[in-house]
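Undergrad: Pasting a structure below so you can have a look.
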Amino acid sequence: VMDLDYALRIDTLAVITAHSTTEQKAAYEKLERSNCMSLMIMKSSISVAIQGAIPDSNDAKTYLAFVEEQFKGSSKAHASTLIMKMLKIRYDGTSGVREH
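Counting in my numbering, the sequence shown runs without a single skipped number right up to 394 at its last residue.
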(Lines of atoms letter the chains of each structure in order from A and count residues from 1; the text may use other names and numbers.)
(Lines give C-alpha, C1' and ligand atoms only; values in the text may rest on other atoms or scores of the structure.)
Protein backbone atom coordinates (compact mmCIF):
# COMPACT_ATOMS: atom_id res chain seq x y z
CA VAL A 1 0.00 0.00 0.00
CA MET A 2 1.37 3.40 -0.95
CA ASP A 3 -0.09 5.36 2.00
CA LEU A 4 -0.48 8.49 -0.10
CA ASP A 5 -2.75 10.03 2.51
CA TYR A 6 -0.26 9.38 5.32
CA ALA A 7 0.96 13.00 5.19
CA LEU A 8 -2.63 14.22 5.51
CA ARG A 9 -3.50 11.92 8.42
CA ILE A 10 -0.35 12.27 10.56
CA ASP A 11 0.81 15.45 12.27
CA THR A 12 4.30 16.64 11.44
CA LEU A 13 6.98 14.53 13.08
CA ALA A 14 10.04 15.82 14.92
CA VAL A 15 13.10 16.53 12.80
CA ILE A 16 15.57 13.66 12.53
CA THR A 17 18.72 14.05 14.61
CA ALA A 18 21.77 11.88 15.23
CA HIS A 19 20.00 10.45 18.29
CA SER A 20 16.83 9.42 16.43
CA THR A 21 15.92 5.75 16.44
CA THR A 22 15.57 3.63 13.33
CA GLU A 23 11.78 3.63 13.73
CA GLN A 24 11.70 7.43 13.95
CA LYS A 25 13.85 7.71 10.83
CA ALA A 26 11.63 5.26 8.94
CA ALA A 27 8.46 7.11 10.00
CA TYR A 28 9.97 10.45 8.95
CA GLU A 29 11.01 9.08 5.55
CA LYS A 30 7.53 7.60 5.06
CA LEU A 31 5.97 10.97 5.92
CA GLU A 32 8.29 12.85 3.56
CA ARG A 33 7.59 10.45 0.69
CA SER A 34 3.84 10.63 1.27
CA ASN A 35 3.99 14.43 1.48
CA CYS A 36 5.92 14.66 -1.79
CA MET A 37 3.61 12.26 -3.63
CA SER A 38 0.46 13.96 -2.27
CA LEU A 39 1.68 17.38 -3.38
CA MET A 40 2.61 16.07 -6.81
CA ILE A 41 -0.83 14.49 -7.29
CA MET A 42 -2.71 17.56 -6.03
CA LYS A 43 -0.72 19.99 -8.18
CA SER A 44 -1.01 17.85 -11.31
CA SER A 45 -4.79 17.56 -10.81
CA ILE A 46 -5.35 21.33 -10.70
CA SER A 47 -5.26 23.38 -13.89
CA VAL A 48 -2.41 25.84 -14.29
CA ALA A 49 -4.79 28.82 -14.32
CA ILE A 50 -6.12 27.89 -10.89
CA GLN A 51 -2.69 26.99 -9.50
CA GLY A 52 -1.61 30.61 -9.93
CA ALA A 53 -4.24 31.72 -7.42
CA ILE A 54 -3.20 29.19 -4.77
CA PRO A 55 -0.16 30.00 -2.60
CA ASP A 56 2.62 27.43 -2.93
CA SER A 57 3.55 25.22 0.01
CA ASN A 58 5.90 22.32 0.68
CA ASP A 59 3.41 20.72 3.07
CA ALA A 60 0.46 18.71 1.71
CA LYS A 61 -1.87 19.65 4.60
CA THR A 62 -1.12 23.35 4.21
CA TYR A 63 -1.54 23.23 0.43
CA LEU A 64 -4.88 21.46 0.78
CA ALA A 65 -5.99 24.14 3.28
CA PHE A 66 -5.00 26.84 0.74
CA VAL A 67 -7.06 25.08 -1.96
CA GLU A 68 -10.04 24.83 0.38
CA GLU A 69 -9.76 28.51 1.31
CA GLN A 70 -9.55 29.51 -2.36
CA PHE A 71 -12.80 27.75 -3.21
CA LYS A 72 -14.81 28.73 -0.13
CA GLY A 73 -15.49 32.16 -1.55
CA SER A 74 -16.25 30.92 -5.05
CA SER A 75 -18.79 28.37 -3.80
CA LYS A 76 -20.55 31.12 -1.82
CA ALA A 77 -20.60 33.34 -4.90
CA HIS A 78 -21.97 30.49 -7.01
CA ALA A 79 -24.70 29.78 -4.45
CA SER A 80 -25.61 33.47 -4.36
CA THR A 81 -25.83 33.58 -8.16
CA LEU A 82 -28.12 30.54 -8.23
CA ILE A 83 -30.38 31.98 -5.54
CA MET A 84 -30.69 35.30 -7.38
CA LYS A 85 -31.47 33.49 -10.64
CA MET A 86 -34.15 31.46 -8.90
CA LEU A 87 -35.72 34.57 -7.34
CA LYS A 88 -35.80 36.52 -10.62
CA ILE A 89 -37.29 33.77 -12.80
CA ARG A 90 -41.00 34.18 -13.46
CA TYR A 91 -43.47 32.04 -15.38
CA ASP A 92 -44.53 33.96 -18.48
CA GLY A 93 -47.45 31.72 -19.48
CA THR A 94 -46.14 30.91 -22.96
CA SER A 95 -43.66 28.15 -22.25
CA GLY A 96 -44.24 24.90 -20.44
CA VAL A 97 -43.66 24.58 -16.72
CA ARG A 98 -40.97 21.94 -17.31
CA GLU A 99 -38.83 24.43 -19.20
CA HIS A 100 -39.06 26.72 -16.24
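Cβ atoms here follow ideal geometry from the backbone N, Cα and C, with glycine treated the same way.
Taking the C-alpha atoms as reference points, what is the distance between Val309 and Leu325?
TA: 11 Å
Undergrad: May I ask which residues mark the beginning and end of the alpha helix (DSSP H) holding Arg303?
TA: Tyr300 to Arg303
Undergrad: Ordered along the chain, which non-local residues of its own chain (more than five positions away) have a Cβ less than 8 Å from that of Ala347?
TA: Gln364
Undergrad: Is the separation between the beta-carbon of Ala354 and that of Asn329 shorter than 8 Å?
TA: Their beta carbons are under 8 Å apart, which means Ala354 touches Asn329 by this criterion.
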